[in-house]
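Single-structure report; data block below.
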Amino acid sequence: MASLAKCVRLALGAWVLSLMISASVPSIAQQVNPTASAVKEQQLLQELNRIQGRVSIPDQRSGVLEQPAGREWREFRNVTLRWIGGIAILGTLAVLVVFYLACGMVRLQGGRAGRTIVRFSAFERFVHWMTATCFITLAISGLNITFGRPLLLPLIGHEAFSEWSQWAKYAHNYLSFPFTIGVVLIFLMWLGGNIPNKVDVEWIKRGGGIVGHDHPPAYRFNAGQKAVYWIVVIGGAAVAVTGYELMFPFYLSGIEGMQMAQMVHSTVAMLFVAVMLAHIYIGTIGMQGAFEAMGSGTVDANWAKEHHSLWLDEEDARAATNDARSKPAATAAE
């Protein structure tokens with residue numbers, strides 16, 4: 014009897030211990046379909062090292078502290094993303110420097126005509142500069158997340174880096190809202206002039222007149238500007254949607270979905286920055302007279318003739334029509 018009682022106590026102890034272990038650590042069966050006829054080995058391996066606890070808030074997904082896909086996400090964030098950003102951004106900068114040293118600024122062949130034409134209204138320039146300012150701030154603060162620790166931290170120290178990163182985070186979050194508004198306004202303002210057409214095909218075939226003295230005709234926006242427009246609209250929408258998903262976690266998806274959103278957000282942002290570097294180059298030191306379009310809102314008539322001749326023809330025809338309509342009224346008033 015004594016041996017039987019001892020066996021019973023051991024069995025009960027083992028049963029209680031197994032209940033305690035199963036209550037404190039989620040079992041693999043909770044993560045794998047228990048009704049499946051067979052469980053693949055890969056499924057079991059994917060659930061290894063999962064740490065999940067209990068939370069008091071309604072969304073139980075927030076109780077996952079570590080899950081297997083996080084290892085892949087960490088590898089992407091710490092290794093792959095840095096390679097993508099480094100190649101895209103530094104590669105673009107290198108190409109621009111070589112191109113500038115080889116070709117220099119694209120200058121006006123006929124000099125300045127002395128007559129200016131309104132290219133962008135005050136509202137258009139306001140939207141452009143608001144969006145551009147927000148983008149630059151978002152780019153710098155976002156690059157800090159990826160490259161700040163290995164590059165900036167050793168230079169300024171932990172305390173200064175922590176302070177800078179905190180303010181960069183605030184700027185990144187809050188300036189995302191005017192940036193998104195700017196992207197929407199850009200989409201609505203310039204959609205009509207950025208629909209691809211046959212003129213764009215010819216412009217691309219002739220290299221846009223960047224190299225040499227060729228100046229293919231173009232309307233208000235040439236093929237290169239249209240490409241930048243659609244990159245801003247599509248890329249801006251992608252970083253906005255994924256960014257807001259990260260700012261408001263667990264509203265749209267779980268941890269796996271947010272990891273995917275971060276991967277899309279960061280990758281698109283890196284490529285976005287690279288494209289905008291080329292856009293800034295063309296609009297400043299790359300082409301004479303280009304900055305005036307967004308600076309004062311007007312461009313020289315010879316600049317318009319060389320780079321947007323079809324648009325200049327439309328503007329001249331519109332001006333001639335307005336003059337013709339105003340002359341009879343002026344004669345009657347006399």
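For reference, each letter of the sequence shown is one residue, going 14 to 347 in the numbering used here.
Every residue, glycine too, gets a C-beta built ideally from N, C-alpha and C.
Note that the structure is a prediction, hence the values are computed from the model and not measured.
When the Cβ atoms of the stretch 134 to 143 are set against those of the stretch 172 to 188, are three or more pairs found closer than 8 Å? no
Enumerated in chain order, which unbroken segments of the beta strand (DSSP E) with a length of 3 residues or greater are wholly contained in the stretch 108 to 149? 129 to 131
Using three-state DSSP, classify Val312 as helix, strand or coil. strand
Per DSSP, what are the beta-bridge partners of Met300 in this structure? Val119
For Ala313 and Tyr232, what's the separation of their Cα atoms in angstroms? Note on identity: in this sequence residue 313 is Asp, with Ala being the wrong assignment. About 16 Å.
Below 8 Å between beta carbons: does that hold for Val9 and Val288? Residue coverage of the chain in this structure runs from 14 to 347, which leaves residue 9 outside it and unanswerable.
Quick one: is Val131 buried, meaning 16 or more other Cβ sit within 10 Å of its Cβ, or exposed? exposed
Would Leu121 and Asn315 qualify as a contact pair, given that the criterion is a beta-carbon distance under 8 Å? In this structure, Asn315 lies closer than 8 Å to Leu121 by Cβ.
Start and end residues, alpha helix (DSSP H) containing Phe263: Unbroken run through Phe263: none, as it is neither H nor E.
Go through its chain and collect everything with a Cβ distance to Leu11's Cβ below 6 Å, but skip five positions before and after it. Because the chain in this structure spans residues 14 to 347, residue 11 falls outside the shown range and cannot be described.
Starting from Gly83, trace the alpha helix (DSSP H) both ways and give me its first and last residue. 82 to 88
Where does Met118 land, buried or exposed, given buried means 16+ other C-beta within 10 angstroms? Counting the other CB atoms within 10 Å of its CB gives Met118 a total below 16, which places it among the exposed residues.
CA-to-CA distance, Ala282 to Glu305, given in whole angstroms: Their backbone Cα atoms lie some 28 Å apart in a straight line.
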